[in-house]
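To start, the structure under review is shown below, and the notes come after it.
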Amino acid sequence: MPKLQLSRLALFSALSALTIAAPATAQNVIGSGVPASTAPNSTERPIAFAEQAPANAGLIILMESAALPATTTLSSAERTALEAAIASADFTGKMGSVLKLRGIGARPLIMLSGAAKPDDRGADWKSASGKAVQKLMTEDAELALVGPPDAAGMAEAALGLDLGQYRFDRYQTDVETALARQKVTVSGSQASAAQALWNNRHKHLADSVRMARDLQSEPANTLYPQSFVDRISAAFKGVPNIRIEILDEAAMRKMNMGAIVGVGQGSPRGSRMMVVRYTGGSGAPLALAGKGITFDTGGISIKPNKGMWAMKADMSGAAAVMGATLSLAKSRAPVNIVAVAALAENMPGANAQRPGDVVRTYGGKTIEILSTDAEGRLVLADAVQYVADRYKPFALVDIATLTGSVGRAVGDQYAGLFAREDAIADRLLKAADETGEHLWRLPLHPAYAKAIRSDIADVKNSGVTDAPGASAGAHFIGYFIDESMPWAHLDIAGVDWNNSAKPLTPKGASGYGVRLLDQLARDWTTN
Ligand code: BES
Ligand code: MN
Ligand code: ZN
109 MPKLQLSRLA LFSALSALTI AAPATAQNVI GSGVPASTAP NSTERPIAFA EQAPANAGLI
169 ILMESAALPA TTTLSSAERT ALEAAIASAD FTGKMGSVLK LRGIGARPLI MLSGAAKPDD
229 RGADWKSASG KAVQKLMTED AELALVGPPD AAGMAEAALG LDLGQYRFDR YQTDVETALA
289 RQKVTVSGSQ ASAAQALWNN RHKHLADSVR MARDLQSEPA NTLYPQSFVD RISAAFKGVP
349 NIRIEILDEA AMRKMNMGAI VGVGQGSPRG SRMMVVRYTG GSGAPLALAG KGITFDTGGI
409 SIKPNKGMWA MKADMSGAAA VMGATLSLAK SRAPVNIVAV AALAENMPGA NAQRPGDVVR
469 TYGGKTIEIL STDAEGRLVL ADAVQYVADR YKPFALVDIA TLTGSVGRAV GDQYAGLFAR
529 EDAIADRLLK AADETGEHLW RLPLHPAYAK AIRSDIADVK NSGVTDAPGA SAGAHFIGYF
589 IDESMPWAHL DIAGVDWNNS AKPLTPKGAS GYGVRLLDQL ARDWTTN
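In my numbering, the protein residues as written are 109 to 635.
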């Protein structure tokens, strides 16, 4: 055989070996190929409603003040004993205070949990019940809850129970303390109205927050762009008035979405854009755009290892927009929503993008990449342009774990809110107040807009010295959104993950944003 033909043959067999090697890439996508668990999270206390509290259950009493609520559940002897305990412990009913008592009447325990918000601003039934149920996670007893005087308060209390007792333990095979699974009955005269409220609205909200927390908690070897898409698609299965659009990498490349494709190109797991539309009302939709980085190593601008594991939750914004949309759709809210998740894994690799690269975005604007670690604003640049162009929303809210800077500015009790106009900021601040998912408005001053300009492209994604970090990120996203579009940016990098428990959110994934965006959408169409 002539020499040339031989080497051609060699080349041919090398090429076919490459084709045959394709399954190896698929294997890489699922890592070891050994699922960490097929088990669900452990069973929690089921929530029930009844007019009368079961006789022998442990009792949670939510307190608006130091005075016991009017409830038929307590005998006069129990009341007298409780009043003595309240007086001697100086229990005021202030939100956050709890008093656990044993030996009163026939009940295994009675826990008083304060619900009074500061400055006489009413009762926070959900936080009070969340706090109480967390204190009783290992209490081996059936429970009953009393205190809220009406159906709305009872349903709120049930929401607190549900969110407060959340756990992510599906990977634990060797736990020492079993968590209690006996039911808890929310009791009061308006039980059937409360049950209806729960079934129609609060339960869907709680389930949606749980879905977001599950996704946040899931490690990046099991949660990557396509598996996120699969999980969300499954959650929406059978839900009416939903349409789902999924863009894979080839589709995004065709539409010149160079920013999101660039972020994902260092990873063998393809990037995705997932659009979920819910049509429950009429007119233009409200657009919600979420950052969905399923893991953020920083890419070539690699992060230090300390705390890097937490970057598995860098898709919290995407989880929040999908959670809010699921809650609105399942409770048949009269609103129109278009939610977009910009999904990619930010990895270093031979094909990863580099600092200095220039990419073009969906609308044609260009970006100079100064740090591959400022990737959230990149994936959102394509997502917000796409959703505005294709779905013509009346307003757009983006939500992202965008900067470490926001946590240093406002801590872990507030997410950062950025808006060009007061009107949309005020709507968000109101929804924040209603839900307890707090926001603090931060500056988006036009003077900072110049700071993100690049020497060789339109804008640069990092290296901004003349603006605060979180504001520079907000300006960058805003650069891709028409001035005429009401727009707000929520930077949730300080609140998506709790280092210690809060009443409605155990340590870990918070599901922040699901309740806030659900409330925003409802208020916007009904007011
Ligand atoms: N995902 C991070 C931000 C983050 C930090 C979220 C801590 C949650 C906790 C984001 O992609 C990032 O790396 N931001 C950089 C931006 C910088 C390179 C302009 C940051 O905050 O340092
Ligand atoms: Mn990053
Ligand atoms: Zn990130």
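Cβ atoms here follow ideal geometry from the backbone N, Cα and C, with glycine treated the same way.
From the options, residue whose alpha carbon lies closest to that of residue i
i	options	result
MET219	GLY268, ILE168 and LYS202	ILE168
PHE157	THR146, PRO148 and SER295	SER295
GLN280	ALA418, GLU476, ALA144 and ILE445	ALA144
LEU598	ASP574, ALA565 and HIS546	HIS546
VAL622	ASP604, PRO216 and VAL371	ASP604
GLY230	GLU542, SER435, ARG549 and ASP590	GLU542
ASP91	GLY222, GLY391, SER435 and MET593	Since the first residue of the chain shown is 109 and the last is 635, residue 91 is not available in this structure.
ASP404	ALA482, ALA359 and VAL448	ALA482
VAL254	LEU486, GLU159, TYR556 and ARG275	GLU159
SER215	ALA185, ARG351, MET203 and PRO376	According to the sequence shown, residue 215 is Arg rather than Ser. Nearest of ALA185, ARG351, MET203 and PRO376 to ARG215, Cα basis: ALA185.
GLY425	ILE507, GLY544 and LEU176	ILE507
GLY204	GLU191, LYS411 and LYS610	LYS610
SER221	ALA192, SER235 and LEU170	LEU170
ASN364	ASP631, GLY472 and ARG380	GLY472
THR402	PRO256, ALA165, MET416 and ALA266	MET416
ALA265	GLN303, GLN290, GLU250 and ASP277	GLN303
ARG528	ALA539, THR509 and VAL505	VAL505
VAL241	ASP227, ASP277, THR188 and THR293	THR293
THR433	ASP227, ARG630, ALA192 and ASN413	ARG630
ARG485	ALA178, GLY346, ASP574 and GLY370	GLY370
PRO154	GLN290, ALA195, LEU176 and THR179	GLN290
GLU172	ASN149, ALA418 and SER237	SER237
ASN454	TYR499, SER513, VAL514 and PRO376	PRO376
GLY201	THR188, SER235 and LEU217	SER235
GLN298	ARG516, THR180 and TYR494	THR180
LEU536	LYS414, LEU628, ALA189 and LYS500	LEU628
Residue i and residue j closer than 8 angstroms at C-beta
i	j	result
MET423	PHE344	no
THR480	ILE408	yes
GLY268	TRP306	no
LEU396	LEU625	yes
LEU488	LYS420	no
ALA460	GLY366	no
ALA320	GLY431	yes
LEU271	THR633	no
PRO162	ALA252	yes
LEU394	PHE502	yes
PRO463	LEU478	yes
ASN349	THR387	yes
MET382	LEU436	no
ARG385	ARG351	yes
SER183	GLY211	no
ALA392	VAL466	no
ALA578	VAL514	yes
PRO333	GLY378	yes
LEU217	GLY141	no
GLY616	SER325	yes
Per-residue DSSP class, three states only, for residue i
i	result
ASN307	helix
SER608	coil
ALA134	Confidence in ALA134 is poor, its pLDDT being 39 and thus under 50, which makes the residue's placement too unreliable to answer from.
LYS411	coil
GLY272	helix
SER379	coil
HIS546	coil
PHE584	helix
ALA449	strand
PHE336	helix
ALA91	Nothing can be reported for residue 91, as the shown portion of the chain is limited to 109 through 635.
ALA129	With a pLDDT of only 40 at ALA129, under the threshold of 50, the placement of this residue in the model should not be trusted; the figure read from the coordinates follows. It is coil, neither helix nor strand.
ILE589	coil
GLU474	Before going further, note that residue 474 is Thr rather than Glu in the sequence given. Here THR474 sits in strand by DSSP.
THR573	coil
LEU209	strand
PHE502	coil
MET219	strand
THR180	coil
Cβ-heavy atom distance, residue i to ligand 5, below 7 angstroms
i	result
ILE408	Because ligand 5 does not appear in the structure shown, any question about it cannot be addressed here, the ligands present being ligand 1, ligand 2 and ligand 3.
Chain D within 8 angstroms of residue i, Cβ atoms only
i	result
ALA189	Absence of chain D from the displayed structure is noted, only one protein chain being present.
| request: Count the CB pairs spanning the region 252-261 and the region 565-575 that are closer than 8 angstroms, and state whether there are at least three. | output: They do not touch, by the three-pair rule.
| field | Neighbouring residues (CB closer than 5 angstroms to any heavy atom of ligand 1) | value | Spelled out in chain order, the answer is ASP404, ASP422, SER479, ASP481, ALA482, GLY484, THR509, THR511, GLY512, SER570 and ALA601.
| said: For the region 281-292 against the region 241-248, do three or more pairs of beta-carbon atoms, one drawn from each stretch, fall closer than 8 angstroms, so that the two count as touching? | reply: Using a Cβ-Cβ distance cut-off of 8 angstroms, the region 281-292 and the region 241-248 are in contact, since at least three pairs of beta carbons, one from each stretch, lie closer than that value.
| Looking at C-beta atoms only, is the number of pairs between the region 575-587 and the region 551-559 that lie closer than 8 angstroms three or more? | Judged by Cβ distances under 8 angstroms, the region 575-587 makes contact with the region 551-559, as three or more pairs qualify.
| Are three or more beta carbon pairs between the region 525-539 and the region 428-443 nearer than 8 angstroms? | Result no; under three Cβ-Cβ pairs closer than 8 angstroms.
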